[in-house]
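Note that the working numbering has the sequence shown beginning at 35, numbered continuously upward.
Built from N, CA and C at the ideal position, the CB exists for glycine as well.
Please read all numbers here as calculations on a predicted model, not as lab measurements.
Written below as structure tokens is the structure these notes are about.
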Amino acid sequence: MNCSYRLRKQGQTAQAEQVRKDAQQMPSLNVYDPNFRRLRYVRFADDFLLGFIGPKTEAEEIKQRLEKFLREELKLELSQAKTLITHAKSEAARFLGYEVAVAQEDSKRTLRQTNGAEKPAKCRSVNGRPILRIPQDVLEEKCDRYKKKAKVGSRPALESSSDYDIAMTYQWEYRGITNYYQMALNIRSLNQLKWVMETSLTKTLAGKHNMSVRQVYRKYGTVHQVDGKAYKGLIVTVPREGKEPLVAKWGGIPLKRNMRATLEDQPPQVWGKRSELEKRLLAEVCELCGTADQIEVHHIRALKDLQKYPGRSKPEWVRRMAVRKRKTLALCRTCHEDITYGRPLRRQPISIMEVKALQKEAMKRY
Numbered sequence: 035m036n037c038s039y040r041l042r043k044q045g046q047t048a049q050a051e052q053v054r055k056d057a058q059q060m061p062s063l064n065v066y067d068p069n070f071r072r073l074r075y076v077r078f079a080d081d082f083l084l085g086f087i088g089p090k091t092e093a094e095e096i097k098q099r100l101e102k103f104l105r106e107e108l109k110l111e112l113s114q115a116k117t118l119i120t121h122a123k124s125e126a127a128r129f130l131g132y133e134v135a136v137a138q139e140d141s142k143r144t145l146r147q148t149n150g151a152e153k154p155a156k157c158r159s160v161n162g163r164p165i166l167r168i169p170q171d172v173l174e175e176k177c178d179r180y181k182k183k184a185k186v187g188s189r190p191a192l193e194s195s196s197d198y199d200i201a202m203t204y205q206w207e208y209r210g211i212t213n214y215y216q217m218a219l220n221i222r223s224l225n226q227l228k229w230v231m232e233t234s235l236t237k238t239l240a241g242k243h244n245m246s247v248r249q250v251y252r253k254y255g256t257v258h259q260v261d262g263k264a265y266k267g268l269i270v271t272v273p274r275e276g277k278e279p280l281v282a283k284w285g286g287i288p289l290k291r292n293m294r295a296t297l298e299d300q301p302p303q304v305w306g307k308r309s310e311l312e313k314r315l316l317a318e319v320c321e322l323c324g325t326a327d328q329i330e331v332h333h334i335r336a337l338k339d340l341q342k343y344p345g346r347s348k349p350e351w352v353r354r355m356a357v358r359k360r361k362t363l364a365l366c367r368t369c370h371e372d373i374t375y376g377r378p379l380r381r382q383p384i385s386i387m388e389v390k391a392l393q394k395e396a397m398k399r400y
């Protein structure tokens, strides 16, 4: 770099620039010391990674000795397909869902104090540093979970849940992925996953309420403020009498790299929350006649079975299950026996609103 400076002072700008570019492609330290060796080892459960500085022949020898030790001492076989020797500068190793490589970017320079100089100088400080990346195939695989035939689709299995539970399910899944990949250099690539999941979420809500995606955004769209920045997202609020409302948010998760992050890939546990079926059973109310006489559960294999009544009117219990989009129906023993044996109902059905009112009143006991 001193040579480039002197040439520039002499007016030879083009030659000085070429010398500077050549110097930027040369390492500032001696990385070809034939006598230098370093070996680092990290393990998690049955996955391990070895970082080695030295010739490839010695790396292959280490692999052979390791394979011999596992076979003779621990009676284990080393997977040849997964145990690979990769050059960290030109390739990437796989470990715990990450790509592990060594950074090499000559154009990236940062100011720092070097060699006791009074003024900071621009240095290629990222070269030779280990980096973690999100593998492209992993990102595509996670996006494909929300696609059908290469197109983002809804999740019909969630349509029977409440809007609150649907939004929380998507948010927990996305937060778990973003938390796990906080240390990735390319964490911003998860924006692609966020778009896919948000599209699937809005289509799921639209399918449940028989509305358009645009109407879903009008109903639940909002702007989250996180650390002084605005993030577009969704919010579902469930009011509760005498209590704070339940709030489920989608979005509002900054994609910032954090090398000191503590990985948390498990969604938060919610204790003490009863499922909808459990609440219906605890209410002890027949969902046809409204009586509280030995409540049992009637099951069907699939919701499509409710359509097998061509040419004649559907029974009341079939229409009720179709309206509520449920494969179960809490019934008293009398109604359950009538449905099972195909007999006319001996007890007069009441409306769905009356059933819900009875269930709500019964749940006040808990």
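Per DSSP, the unbroken alpha helix (DSSP H) holding LEU100 starts and ends at 90 to 107. Beyond the five residues adjoining it in sequence on each side, TRP351 comes within less than 7 angstroms, by CB distance, of LEU322, LEU363 and ILE373 in the same chain, given in chain order. Put simply, of PRO279, LYS263, TYR204 and MET397 the residue whose alpha carbon is nearest the alpha carbon of TRP229 is TYR204. Counting every other CB atom within 10 Å of its CB across the protein chains shown gives GLU232 a total of 16 or more, marking it as buried.
Around the Cβ of PRO383, a 10 Å sphere holds 16 or more other Cβ atoms; the residue is buried.
In summary, TYR132 is buried, with 16 or more beta-carbon neighbours lying within 10 Å of its beta-carbon over all protein chains present. Apart from sequence neighbours up to five positions away, the residues of its chain that approach GLN226 with a beta-carbon distance below 7 angstroms are LEU173 and CYS177, ordered along the chain. Scanning its chain for C-beta atoms nearer than 7 angstroms, with the 5 sequence neighbours on each side dropped, one finds around GLY88 the residues ARG71, in chain order.
In the structure shown, GLY255 falls within a strand segment according to DSSP collapsed to helix, strand and coil. Cα atoms of GLY241 and PRO378: separation of roughly 34 angstroms, rounded to the nearest angstrom.
In the DSSP assignment, GLY210 falls within the alpha helix (DSSP H) that extends over 197 to 214. Taking all protein chains in view, the Cβ of THR212 is crowded by 16 or more other Cβ atoms within 10 Å, so the residue is classified as buried.
For GLY241, the enclosing alpha helix (DSSP H) has its first and last residue at 224 to 243. Under the DSSP assignment, ASP171 falls outside any beta strand (DSSP E), being part of the alpha helix (DSSP H) whose first and last residues are 170 to 178. For PHE78, DSSP records a beta bridge to ASP81.
When DSSP reads this structure, GLU330 sits in a beta bridge with LEU365. Non-local beta-carbon contacts of LEU280 in its own chain, meaning distances under 6 angstroms to residues more than five positions away in sequence, involve TYR198 and VAL272 in chain order.
Non-local C-beta neighbours of CYS37 in its own chain, meaning closer than 7 angstroms and more than five positions away in sequence, comprise VAL53, ordered along the chain.
Pairwise C-beta distances place the region 286 to 294 in contact with the region 217 to 224, as three or more of them are shorter than 8 angstroms. A contact is defined here as three or more CB-CB pairs under 8 angstroms, and the region 384 to 396 meets this definition with respect to the region 324 to 335.
Taking each of VAL331, GLN170 and GLY262 in turn and checking the Cα distance to LYS361, the smallest one comes out for VAL331.
DSSP places ARG274 within a strand segment (E or B) once states are collapsed to three.
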